[in-house]
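Mapping of the sequence shown onto the numbering used here: residues 4 to 232, in sequence order. Step one of this worksheet: look at the structure below.
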Amino acid sequence: MHTLGVDGGYSQRDVVEVARSFTGWTIEGPRRPAFLFEPPLHDTDPKFVLDHRIGDGGMRDGEQVIDLLCRHPSTARFISTKLVRRFVSDDPPVELVGRVARAFVRSDGDIREMLHTIFRSEEFMSSEFKKVKTPFEFVVSAMRATDARVDNPGVLARFLVRLGQPLYSAVPPTGYPDTGADWMSPGTLMMRLNFVTGLASGRLRGVTIANREPENIVRHLGAPDFQRR
4 MHTLGVDGGY
14 SQRDVVEVAR
24 SFTGWTIEGP
34 RRPAFLFEPP
44 LHDTDPKFVL
54 DHRIGDGGMR
64 DGEQVIDLLC
74 RHPSTARFIS
84 TKLVRRFVSD
94 DPPVELVGRV
104 ARAFVRSDGD
114 IREMLHTIFR
124 SEEFMSSEFK
134 KVKTPFEFVV
144 SAMRATDARV
154 DNPGVLARFL
164 VRLGQPLYSA
174 VPPTGYPDTG
184 ADWMSPGTLM
194 MRLNFVTGLA
204 SGRLRGVTIA
214 NREPENIVRH
224 LGAPDFQRR
């Protein structure tokens, strides 16, 4: 699911076979969570993942699965879609996703080459105001734009809770969502306005802004700054 994607072409049998391939992979213990392979716990019988035979034996079975997934076309499309959604648009342009996926295959999964393809694209250059900032991005950009001095980071952490993105608290394994619909509502918009108003007026205890130029304050009070530039 996190490599090929939900529609990546795998079956329930593939899920079971992958699990068998990783038997014996564990950690030394909670006090020392270092990787450990336990041969007695490994299923040594042959496995078949995505019509490929996995059966070198031992820890190599899991490594074969990783190699197979990393080079699968569905992985290229899935990772490319996530990156384009992150940097360009909540509705990733299909043509750009295809170009980024080809860069993935051509470079053997080099994320830097994929990003170069995105950042040099016409779609990226014309993507202004197409992405909504997450609460974390919004708060951090406000600190940067106003050259703020933060002596009490707790006040920012509490605002992130109220904005819906408490630090290190995402429940799903995929982390926090990256689409505007998940962050925009009348209540959250008002909370963002309350935050920048408090910041501009000096009411955030422990946070002092050094740059009080009107244009910097206005750009955080104005609607466009709820979106990424």
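Each residue gets a CB set at the ideal place from its N, CA and C atoms; glycine is no exception.
Ranking L44, K134 and E41 by CA distance to the CA of L86 puts K134 first. Between the beta-carbon of I121 and that of V103 there is about 6 angstroms, and that keeps the pair under the 8 angstroms contact cut. Beta-bridge annotation (DSSP): F38 is paired with I30. Counting the other CB atoms within 10 Å of its CB gives G190 a total below 16, which places it among the exposed residues. Here K50 carries a strand assignment [DSSP, helix/strand/coil].
Under the three-state reduction of DSSP, T200 is assigned to helix. In its chain, beyond the 5 residues on either side, D154, N155 and V158 have a beta carbon closer than 6 angstroms to the beta carbon of G209.
The stretch 51-58 makes contact with the stretch 70-83: 3 or more CB pairs, one atom from each, lie closer than 8 angstroms.
Ranked by how close their Cα comes to the Cα of A160, the residues R63, V143 and S204 have V143 in first place. Going by beta carbons, P138 and G178 fall outside the 8 angstroms limit. Within the model, the alpha-carbon separation for R206 versus F198 is close to 9 angstroms. For the pair I212 and R89, the Cα-to-Cα distance works out to about 29 angstroms. Each residue's CA atom was taken as its position, placing Q15 and A106 some 30 angstroms apart.
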